[in-house]
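*Asks:* After the structure tokens below, expect a handful of questions from me.
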Amino acid sequence: MAKKNIHHGDTETRRAIPSSFIFSVPPCLRGSIPSVLFFCWPLILFACFSGCEGDSGKPAVVVYSSLDEHYSKPILQEFEKQTGIRVLDLYDTEADKTTGLYLRILAEMARPRADVFWNSEVLRTVQLAEKGALAVFRPEAAAGIPAAFRDPGGRWTGFAARARVLIYNTDLVTASQAPRSVADLADPRFKDRACIAVPLFGTTATHAGALRAVLGKEGMEDLFRRFKANGVRAVSGNSMVRDLVASGDLALGITDTDDAHEALAAGKHVALVFPDQETPWPGLGHPLGTLLIPNTASLVRGGPNPESGKRLIEYLLSSEVEERLARSGSVQIPLRQGLAPPPGLPIPTPFRILEVDASSAARGLAEAEPFLEEMYLR
Amino acid sequence: VNRALRRLTSWALIALLIHVPLAVLAARSLSSNGRPSLEIYSEVLSARALLLFLGSAGMAAASTVLALGIGTTIAILLETRRVPFRPALRLVALSPLLLPPFMQVGAYKPLVAAVAAHAEWIRFPAVIVILGLASAPVVFFFASQGIRGISGDLLDAARLAPVSERVVALRVILPLAAPAIAAGAAIAFVFSFLEQETPALLLVPASAVPSYSMYIFYQVARGPGAAFAAAMPMILLSLMVVVLAERWARRRAFCVTATENPRAPLPAERAEPLALLAIAAFAALSAGLPVARLLWMAGSPRAFGRALDLYGAELLEGIPITLGAAAMATALAALALGRSGRPSTLAAVLAWIPLAVPGTALGAALIETANRPGLEAIYESRWILVISAVARFFPIAYFSLAAHLRTIPGELWDAADLAGPSPARWLARVYLPLAAPGLALAASAVTIFQSGEVAAAVLLAPPGHRPVPVAIASELHYNVNLDVPAALCLFQSAVVLMMIGAIRIPARILTAATRRGPSRAASGG
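Taken in order, these protein sequences are the chains called A and B.
So for the first sequence, the working numbering puts the first residue at 1; every next one is plus one.
So for the second sequence, the working numbering puts the first residue at 1001; every next one is plus one.
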């Protein structure tokens, strides 16, 4: 009985406890509901805010883009303006080694939410195609793109490429001492003064895969072993390569044209070189050439708006977009013949490209991975 | 029985939000090509991966020890000595958490480079020192909470003995606050472990870079199951820290904190200039220097204008998402803990796991569980960001709230029970006023951590939405001059401070009203 009184309380017990002890809340909070609401206001605010997410009812296209938002958003906005199709865009970051959207498309494969994948490189696109995440679509606008940058199976098309270039600090390296080949990173004059991004991620991985495909197992492994022996630092990304060279911490590195151009445009004391244009590569009998890594546009299989997606891909592959990307800060090199190259980029003429198709590079990377893991993950 | 049922229901809800996605990850880590396989774990347990793990764990452990030393010392000095402007100093000590590690490293980089020109070996210890300084606020946060939860009577009794304040700190304060400090140390360890930019930025010799976190990233690219398996050693190690600390404290009968006096420990009579000096030095190193560096990097008011032009809408959009996540994580922590501040070992383990899982892997698991028919309203809206933040930072809310609940004397709950209030009245007029400081603390902690979350946000943000931390990460990559990202960081820090203020004000009102209550009763008022 007593227990019952304690737990449920009776009038006497209630009076025994000073009311001000338990019920001492400000007058404005008297009563349970206002008090609870007072503490739940963040959730209420969020609920109201998310209720404001409107749908204009216009046709839409969902695009996942790993090209930086600075450069891709204006193009998507222009598409929206021209077609009236609402673009719902999503971008990746360097912090995720640009694997975020790739993983998202894979994770969403059972129920895709994206229509178009605009990838700033090609290797992940090839992997998505091999895993069956991309639909076959042969856009008319792809006609002007060289066959080497198109998937024979029609699951992706390349456009506007970045190049893998050498960047060096002009305060530390004179023009006469400037590097000319990726192999120069292994030159004793740059001992402990050069860097690359870890070749297991991003465009550096693509580069490693391409080198494996072109130079073969021995050639590629020998090159990376010489890098290591010469004290070439492995850092976490291409932008860090750029920053370390621009700040003068290191003299030389390999990075992408867009990263290098950012440093040039910011007035840093750096210069960039398109490597392997003149000197024949030992064993090949000709210069290796500079690797071009194209953007790729692909239609996601089973996406919610396939027709809008196809229209967006046609637009992305147009000359207009290649020209815009060439003029933008990302200085992408047009793949179509006859289009003006990016201003301010010292593209040599004639320009020797490292000739390798994307599927071979992807296979090359898969074959090189155990070696690269051994070299860089221990 | 009712209470047990309520607890069970709340844990079921938590499991649905947090542990089901993690179970999906665990299942993926145990299969290969759709068939059961231990292939991924055999790689994780290879000599190469384990050596990498030990190297990174060693560096993280060293920086955690430093963070423990700094954070705990500052907490003891701040909470047990007479120090002016104590609440403001607490905020100052926590302020480095508002800055991304990249920016903090940037503040020390010129100094390290200058010393390294004469002594190259300095780079490795510099990484440990910088990571230790960056993690110290986390330890401080938990140590401060633990110390404030120690019974005032107990401390007074200890001070009656003819021993110095140092002995009181070592023999009484530290053991009593040990569980809270251990939780902080475990979080600091995880953060130091996952940090890969700092060693790279400071050009640590190639043998130390890449770190195990890079290995985890590498596994992320292979698939979320592989990432989960790669994170497993870290999960186990950090769990061990938490569990061992709890067990040690229990065995030594240090759990008296559960029934202590509500009176907070009084500071020692003497104000110590040394204490003030130490706090000032810590504040200058951990907050003053990075903020000054950010201001210097931003350079001109034009950078702030550009940052606002570019990201003003995103800054505003982030507020309800962060606050919603903070409220939800705190509510779940409150449900799971009930009135007890002492979770069982199993509960502590269950609560702890999500923090040690890589954000990208957790994001992929949430896609798998939330991207299905009937859940479009969640997956295709900002709710998914709220849920991801809850799943990721629930442990922080849980342990923060537990630290506060330990300080509430059991007699107060019993006295409230005697009045037999309805559940709604008990919640509004007993639980909320008593737990308000802890709830606010938990919500503030989630707010701080969510404001820097990138990995899961990239994966889960609905198309058309861009979280500010993602924008900062992107700016850091593309903007060589760093003026806009520096300005954006400062804006984001200001927004976080405002959110924390908005969270703490209602809590303060209720706490003040509760404190007025007994004093009025005692004086017959």
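Ideal Cβ positions, reconstructed from N, Cα and C, are used throughout, including at glycine.
(1) Does DSSP put A1116/B in a helix, a strand or coil?
(2) When you compare the CB positions of L354/A and P294/A, do they come within less than 8 Å of one another, or not?
(3) Verify the CB distance criterion: does A107/A have a CB-CB separation below 8 Å to chain B?
(4) Tell me the start and end of each unbroken beta strand (DSSP E) in the region 100-157 of chain A that is at least 3 residues and wholly inside, in chain order.
(5) Let's see if you can read the secondary structure: which residues bound the alpha helix (DSSP H) around L1160/B?
(6) For a quick check, are the C-beta atoms of T206/A and E121/A less than 8 Å apart?
(7) Please state whether DSSP places P1084/B in a helix, a strand or coil.
(8) What do you get for W1296/B, buried or exposed, if any count of 16 or more other CB atoms within 10 angstroms of its CB means buried?
(9) Along the chain, where does the alpha helix (DSSP H) that runs through G1034/B open and close?
(10) Which residue from N119/A, D249/A, L272/A, A234/A puts its Cα closest to that of T99/A?
(11) What are the start and end residues of the alpha helix (DSSP H) that includes S1388/B?
(12) Taking Cβ-Cβ distances shorter than 8 Å, what residues in chain A pair up with N1481/B?
(13) Name the two residues that bound the continuous alpha helix (DSSP H) containing G202/A.
(14) For F1399/B, collect the residues of the same chain with a Cβ closer than 6 Å to its Cβ; drop the 5 residues on either side in sequence, then sort them by chain order.
(15) Beta strand (DSSP E) containing T255/A: first to last residue?
(16) Find out if the Cβ-Cβ distance for the pair N169/A, V270/A is shorter than 8 Å.
(17) Once DSSP output is grouped into helix, strand and coil, what is the label at L1332/B?
(18) Given a threshold of 16 other Cβ atoms within 10 Å of its Cβ, counted over all protein chains shown, does P1421/B qualify as buried or as exposed?
(19) Look at the alpha carbon of F1189/B and the alpha carbon of K191/A, and state the distance between them as a whole number of angstroms.
(20) Taking the Cβ atom as the reference point for each residue, do L377/A and L1022/B lie within a distance shorter than 8 Å?
(21) How many Å lie between L1005/B and A1012/B at the Cα?
(22) Spatial neighbours of L134/A within its chain, please: CB distance less than 8 Å, with the 5 preceding and 5 following residues excluded, ordered by chain position.
(23) How many angstroms separate the CA atom of R212/A from the CA atom of A147/A?
(24) Pop quiz: A1057/B and L1202/B are said to be a contact at Cβ under 8 Å. What is the actual Cβ separation, rounded to whole angstroms?
(25) Roughly how many angstroms lie between the CA atoms of Y102/A and Y64/A, to the nearest whole one?
(26) Could you please give the first and the last residue of the uninterrupted alpha helix (DSSP H) stretch that includes T1369/B?
(27) Looking only at its own chain, which residues have a Cβ that is under 8 Å from the Cβ of S1032/B, when we skip the five neighbours before and after it?
(28) Give the residues from the region 192-217 of chain A that approach chain B closer than 8 Å (Cβ to any Cβ), ordered along the chain.
(29) For the region 1360-1373 of chain B, which residues have a CB atom closer than 7 Å to at least one CB atom of chain A, in sequence order?
(30) Name the chain B residues that come within less than 7 Å of S66/A, Cβ to Cβ?
(31) Where does R1148/B sit, in a helix, a strand or coil, going by DSSP?
(32) Under the assumption that A1507/B contacts A1424/B (Cβ atoms under 8 Å), give the Cβ distance between them as a whole number of angstroms.
(33) Please give me, in chain order, every unbroken run of the alpha helix (DSSP H) with length at least 4 that falls completely inside the region 282-319 of chain A.
(34) To the nearest angstrom, how far is it from the Cα of I1147/B to the Cα of R327/A?
(35) Can you tell me where the alpha helix (DSSP H) with R86/A in it begins and where it stops?
(36) Where does N238/A fall in DSSP's three states?
*Replies:* With the structure as the only source:
(1) In the second sequence, residue 1116/B corresponds to position 116, counting from 1. In this structure, A1116/B counts as helix in the three-state DSSP scheme.
(2) Locating residue 354/A in the first sequence gives position 354, where the first residue counts as 1. Locating residue 294/A in the first sequence gives position 294, where the first residue counts as 1. Cβ distance not < 8 Å, so L354/A and P294/A don't count as in contact.
(3) What you label residue 107/A is simply residue 107 of the first sequence in a count that begins at 1. Chain B contact via Cβ: present.
(4) 116-119
(5) Stepping through the second sequence from its first residue, residue 1160/B is reached at position 160. Note, L1160/B: alpha helix (DSSP H), 1152-1160.
(6) Working through the first sequence from its first residue, we reach residue 206/A at position 206. Working through the first sequence from its first residue, we reach residue 121/A at position 121. Their beta carbons are under 8 Å apart, which means T206/A touches E121/A by this criterion.
(7) In the second sequence, counting from the first residue as 1, residue 1084/B sits at position 84. Reduced to three states, the DSSP call for P1084/B is coil.
(8) Here residue 1296/B is taken as the residue at index 296 of the second sequence, counted from 1. It is exposed - the Cβ of W1296/B has fewer than 16 other Cβ atoms within 10 Å.
(9) Taking the first residue of the second sequence as 1, we reach residue 1034/B at position 34. It is not in any alpha helix (DSSP H) - G1034/B carries neither H nor E in the DSSP assignment.
(10) Taking the first sequence and counting its residues from 1, the one referred to as residue 99/A is at position 99. Answer by Cα proximity: N119/A.
(11) Taking the second sequence and counting its residues from 1, the one referred to as residue 1388/B is at position 388. Its alpha helix (DSSP H) spans residues 1383-1405.
(12) Residue 1481/B sits at position 481 when you count from the first residue of the second sequence. Going along chain A in sequence order, the residues near N1481/B (Cβ under 8 Å) are A266.
(13) Position 202 of the first sequence, counting from 1, holds the residue named residue 202/A. Start and end: 202-229.
(14) Locating residue 1399/B in the second sequence gives position 399, where the first residue counts as 1. Cβ neighbours of F1399/B beyond the five flanking positions: A1183.
(15) Against the first sequence, residue 255/A aligns to sequence position 255. From DSSP, the beta strand (DSSP E) with T255/A extends over 252-256.
(16) In the first sequence, the residue the question calls residue 169/A occupies position 169. In the first sequence, the residue the question calls residue 270/A occupies position 270. It is a contact, given that the beta carbons lie within the stated cut-off.
(17) Translated into positions along the second sequence, residue 1332/B becomes position 332. Looking at L1332/B - three-state DSSP - the assignment turns out to be helix.
(18) Translated into positions along the second sequence, residue 1421/B becomes position 421. It counts as buried.
(19) The residue labelled residue 1189/B in the question sits at position 189 within the second sequence. The residue labelled residue 191/A in the question sits at position 191 within the first sequence. C-alpha separation (whole angstroms): 35 Å.
(20) In the first sequence, residue 377/A corresponds to position 377, counting from 1. In the second sequence, residue 1022/B corresponds to position 22, counting from 1. For L377/A and L1022/B, no; Cβs fall outside 8 Å.
(21) In the second sequence, residue 1005/B corresponds to position 5, counting from 1. In the second sequence, residue 1012/B corresponds to position 12, counting from 1. For L1005/B and A1012/B, the distance between alpha carbons rounds to 10 Å.
(22) As a working mapping, residue 134/A is identified with position 134 in the first sequence. Hits under 8 Å: F117, T125, L128, R155, W156, S298, L299, V300, R301.
(23) Looking up residue 212/A in the first sequence gives position 212. Looking up residue 147/A in the first sequence gives position 147. If I take the Cα positions, the gap works out to 21 Å.
(24) Locating residue 1057/B in the second sequence gives position 57, where the first residue counts as 1. Locating residue 1202/B in the second sequence gives position 202, where the first residue counts as 1. Not really, about 19 Å apart at Cβ, beyond 8 Å.
(25) The residue labelled residue 102/A in the question sits at position 102 within the first sequence. The residue labelled residue 64/A in the question sits at position 64 within the first sequence. Each residue's alpha carbon lies about 9 Å from the other.
(26) For the purposes of this step, residue 1369/B is identified with residue 369 of the second sequence, where counting begins at 1. Here the alpha helix (DSSP H) through T1369/B covers 1359-1370.
(27) Residue 1032/B sits at position 32 when you count from the first residue of the second sequence. Result list for S1032/B: E1039, I1040, in chain order.
(28) V198, L200, F201
(29) T1360, A1364, I1367, E1368, N1371, R1372
(30) Residue 66/A sits at position 66 when you count from the first residue of the first sequence. By Cβ distance, chain B contributes nothing, its closest Cβ being about 10 Å from S66/A, past 7 Å.
(31) Working through the second sequence from its first residue, we reach residue 1148/B at position 148. DSSP places R1148/B in helix when its eight states are reduced to three.
(32) Translated into the one-based positions of the second sequence, residue 1507/B becomes position 507. Translated into the one-based positions of the second sequence, residue 1424/B becomes position 424. With a Cβ gap of about 20 Å, A1507/B and A1424/B do not count as contacting.
(33) 306-316
(34) Sequence index remark: in the second sequence, residue 1147/B carries index 147 (1-based). Sequence index remark: in the first sequence, residue 327/A carries index 327 (1-based). Approximately 60 Å, taken between the alpha carbons.
(35) In the first sequence, residue 86/A corresponds to position 86, counting from 1. Counting along the chain, R86/A falls outside any alpha helix (DSSP H), though it belongs to the beta strand (DSSP E) covering 86-91.
(36) One-based indexing of the first sequence puts residue 238/A at position 238. In this structure, N238/A counts as helix in the three-state DSSP scheme.
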